[in-house]
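Enquirer: Can you read through this structure? Questions will come right after.
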Amino acid sequence: MYERGSETNFSGDGPEYYDRCKLLFNSNCQFSEKYPMRFVTFAVIFAVALIAAGHLALAAGDAAKGKQVYTINCIACHNMDPGKAGAIGPAIKGSSQALIMARVLSATYPKGYKPKRPTKMMPPMPHLKANIADLAAFLK
Ligand code: HEC
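If you want it as C-alpha cells, here you go:
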C-alpha cells in the first residue's frame, strides 16, 4: 500500500489518489500539481468527444431511443412488434423516414405513396419532430 514517506514529490489528495494513479499508469506516481491538471484536461476533452459522438449518433437516428419513443407513443394502436398489425394500426416495420415523417408530423403520406389503410384514424404528433430519425432507425 501507500507509504507517503517514500514519495516526496507526490502532491495529490492522499492514498486513494495515489492508488488510482498506480492503477491507471502503473508508475511511481511521483507527480506534482501540474500532472493532475493534465488528467483533468484530458478527461474534459474526452467527455466533450463523447458528447459530440453522441450527437452524431442522434443525427443518424438512434434505434434504442426510437424504440423508447415508439413504446410511449405508438403502441396504443400499433403492435409492440412493428412487424405485426396492432389493435388499430397496421404493421409499419420497414417504413421509410419520409413516410414516418409525413405520418407522425402531419398524418399525411409522401406524394405518390399508396397507404396500407384508407382510414384516417392516426392523429398527427408534431411534438415528436426531434425523434423522426430515431423512429426510422428503430422501424428499419
Ligand atoms: C391512435 C392510434 C395510432 C397511434 C397512436 C399511432 N398510429 Fe400510426 N397508424 C394508425 C392507423 C389507424 C393507421 C392507418 C391509417 C389511418 O387510419 O390513419 C396508421 C398508419 C401509420 C403508418 C403508415 C402505414 C402505411 O404504410 O400505410 C405509419 C408509418 C405509422 N402509422 C406510424 C406511426 C408511428 C411511428 C406512431 C407513433 C409515433 C404511430 N403511428 C402512432 C394509428 C395510430
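Just so we're aligned, residue 0 is where the sequence shown starts under numbering that gives the first Met the number 0, counting upward by one. Virtual Cβ for every residue (Gly too), placed ideally from N, Cα, C.
(1) Alpha carbon to alpha carbon, how far is Lys-113 from His-65? Give it in angstroms, no decimals.
(2) Look at the Cβ atom of Ala-132, then the Cβ atom of Gln-96, and state whether they are nearer than 8 Å.
(3) Would you check whether the ligand HEC has a heavy atom nearer than 7 Å to the C-beta of Met-124?
(4) Would you check if the distance between the CB atom of Lys-92 and the CB atom of Gly-85 is smaller than 8 Å?
(5) Is it right to say Ser-105 is buried, meaning 16 or more other beta carbons lie within 10 angstroms of its own, or is it exposed?
(6) Could you tell me whether any non-hydrogen atom of the ligand HEC is closer than 7 Å to the CB of Ala-62?
(7) Tell me the DSSP secondary structure of Pro-122 in three-state form.
(8) Please classify Arg-116: is it buried, with 16 or more other beta-carbons within 10 angstroms of its beta-carbon, or exposed?
(9) Rounding to the nearest angstrom, what Cα-Cα distance links Leu-127 and Arg-37 in this structure?
Expert: Inspection of the coordinates gives the following:
(1) Here residue 65 is Gly; the residue named in the question, His, does not match the sequence. About 24 Å.
(2) yes
(3) yes
(4) no
(5) exposed
(6) no
(7) coil
(8) exposed
(9) 42 Å
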